[in-house]
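Novice: In my numbering, the protein residues as written are 10 to 359.
Glycine included, every Cβ here is placed at the ideal spot set by N, Cα and C.
No experiment lies behind these values; they were computed from the predicted model shown.
1) Determine the contact status of residue 101 and residue 59, defining contact as a CB-CB distance below 8 Å.
2) Could you check whether residue 154 and residue 200 sit closer than 8 Å to each other, using their CB atoms as the reference points?
3) According to DSSP, which residues form a beta bridge with residue 299?
4) Suppose you measure from the CA of residue 345 to the CA of residue 277; what does that come to, to the nearest Å?
5) Can you grab the Cα-Cα spacing for the pair residue 139 / residue 246, in whole Å?
6) Taking all protein chains shown into account, do 16 or more other C-beta atoms lie within 10 angstroms of the C-beta of residue 64, making it buried, or fewer, making it exposed?
7) What's the gap between the Cα of residue 320 and the Cα of residue 302?
8) Within 8 Å, do at least three Cβ pairs link the stretch 88 to 107 to the stretch 143 to 150?
9) Let me know the beta strand (DSSP E) ranges lying completely inside the stretch 281 to 327, each 3 residues or longer, listed in chain order.
10) Taking the straight line between their C-alpha atoms, what separation do you get for residue 342 and residue 306?
11) Since residue 315 and residue 275 are thought to touch, with beta carbons under 8 Å apart, how far apart are those beta carbons, to the nearest angstrom?
12) Within 8 Å, do at least three Cβ pairs link the stretch 228 to 245 to the stretch 175 to 191?
13) Rounded to the nearest angstrom, what separates residue 166 and residue 230 at their Cα positions?
14) Which ranges would you report for the beta strand (DSSP E) in the stretch 133 to 193 if only whole runs of at least 3 residues count?
15) Over what stretch of residues does the alpha helix (DSSP H) that includes residue 75 continue unbroken?
16) For the beta strand (DSSP E) containing residue 53, list its first residue and its last residue.
17) Can you find the residues in the same chain that come closer than 6 Å, C-beta to C-beta, to residue 220, ignoring five residues on each side of it along the sequence?
18) Excluding the 5 residues flanking residue 77 on each side, which residues of the same chain have their C-beta closer than 8 Å to its C-beta?
19) Go through its chain and collect everything with a Cβ distance to residue 243's Cβ below 8 Å, but skip five positions before and after it.
20) Apply the 10 Å Cβ neighbour rule to residue 328 and answer buried if 16 or more other Cβ atoms are within range, or exposed otherwise.
21) How is the beta strand (DSSP E) around residue 216 delimited, first residue to last?
22) CA-CA distance, residue 211 and residue 224?
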């Protein structure tokens, strides 16, 4: 056999052996499929489900988790370390520093640092206090008044003469001007949610100590209404001489002596009652008919000892019975809410 033929046979045998080993490795002899390359893992990111607005706390229904899109791969390499974890609860009650459009990834840089919101005392302007109100929508601008807004506080009351409440009038007056809303919905967070139907809306209102006491009293004597006002019209405490805070508005008859009213409340020397409402509603003394002349008292004497007394009407001369004295503990009580002039302030009857 020639050497060239032997060499060719050797090469052919080696190629056949290599092919057999490759086929076995690939599983062609036992029906196994070729090994496929492992796919790259799917990347999940947290995005805005709806438009999200600056300063309004995020809730779980406003965000969602979705797959990273192909057109976002290059951007992902830049901000992947700034992403929140891919879970809707990761953004719950976080406060955005800027508006975030729907379907945009939510980055840590978009949010304020994680912290519990300030409590009511920390939101108060120095020298101010707060009062709680719960009002139906039709008496708070449809419920559209938000935290940070300024409002006027009105009182609508049914007013009558305490001696004749069969005849009354309904009037409205201003209790406080330009006071600030520091909380809403009994919630320290500002959230974007529809108000429930047929349920009152709760507000925490900031005002000076006297106006807070006046509102707290008046809400049991009529219907409170909040009317939105401009921030520039707010009456704010001003630091006077020696750092003393003043609440007075000198060109206003109602607010010119505000410092004295506030001081009386803070020292516990002043109470708020119907007389304050009388001033707010500009009510004067009630004009009543002159009282009848006093009757004649005739003392009956037998000898030197008194035996009785008769009472006669001075105008008609007729005898009138002696008035009875109520038993001890049953003296006539003052009507609740009655002012010094005899006015009564009540919640208007519907």
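Specialist: Checking against the coordinates, here is how it stands:
1) Taking the chain shown and counting its residues from 1, the one referred to as residue 101 is at position 92. Taking the chain shown and counting its residues from 1, the one referred to as residue 59 is at position 50. Against a cut-off of 8 Å, the Cβ pair of residue 59 and residue 101 comes out as no contact.
2) For this step, residue 200 is matched to residue 191 along the chain shown. For this step, residue 154 is matched to residue 145 along the chain shown. Not a contact, by the Cβ cut-off of 8 Å.
3) Working through the chain shown from its first residue, we reach residue 299 at position 290. Bridge partners of residue 299: none, in fact.
4) As a first step, residue 345 must be located in the chain shown, where it is residue number 336. As a first step, residue 277 must be located in the chain shown, where it is residue number 268. At residue 345, the pLDDT of 39 sits below 50, so the modelled position is not reliable; the number obtained from the coordinates is stated separately. Roughly 22 Å separates the two Cα atoms.
5) Your numbering for residue 139 matches position 130 in the chain shown. Your numbering for residue 246 matches position 237 in the chain shown. Rounded to the nearest angstrom, the two C-alpha atoms are 14 Å apart.
6) Along the chain shown, read from residue 1 onward, the residue named residue 64 stands at position 55. Exposed.
7) By one-based count along the chain shown, residue 320 stands at place 311. By one-based count along the chain shown, residue 302 stands at place 293. For residue 320 and residue 302, the distance between alpha carbons rounds to 13 Å.
8) no
9) 305 to 311 and 314 to 321
10) Here residue 342 refers to the residue found at position 333 of the chain shown. Here residue 306 refers to the residue found at position 297 of the chain shown. Note that residue 342 scores 46 on pLDDT, short of 50, meaning its location in the model is unreliable; the coordinates nonetheless yield the value given after this. Cα-Cα distance, rounded: 28 Å.
11) On the chain shown, position 306 is the one that residue 315 refers to. On the chain shown, position 266 is the one that residue 275 refers to. Actually they are not in contact, since the Cβ atoms of residue 315 and residue 275 sit about 58 Å apart, beyond 8 Å.
12) yes
13) Numbered from 1 along the chain shown, position 157 holds the residue referred to as residue 166. Numbered from 1 along the chain shown, position 221 holds the residue referred to as residue 230. Approximately 6 Å, taken between the alpha carbons.
14) 138 to 144, 159 to 170 and 173 to 193
15) The residue labelled residue 75 in the question sits at position 66 within the chain shown. Taken as a continuous stretch (DSSP letters only), residue 75 belongs to no alpha helix (DSSP H), being part of the beta strand (DSSP E) at 72 to 76.
16) Here residue 53 corresponds to residue number 44 of the chain shown, with the count starting at 1. From DSSP, the beta strand (DSSP E) with residue 53 extends over 53 to 57.
17) Here residue 220 is taken as the residue at index 211 of the chain shown, counted from 1. For residue 220, where only same-chain residues beyond five positions count, the Cβ hits under 6 Å are 185.
18) In the chain shown, the residue the question calls residue 77 occupies position 68. For residue 77, where only same-chain residues beyond five positions count, the Cβ hits under 8 Å are 51, 52, 53, 54 and 85.
19) Residue numbering aside, residue 243 sits at position 234 when the chain shown is read from its first letter. Around residue 243: 159, 186, 187, 188 and 189.
20) In the chain shown, the residue the question calls residue 328 occupies position 319. Result: exposed.
21) Here residue 216 refers to the residue found at position 207 when the chain shown is read from its first residue. Run containing residue 216: 210 to 216, per the beta strand (DSSP E) assignment.
22) Taking the first residue of the chain shown as 1, we reach residue 211 at position 202. Taking the first residue of the chain shown as 1, we reach residue 224 at position 215. Taking the straight line from one Cα to the other gives about 15 Å.
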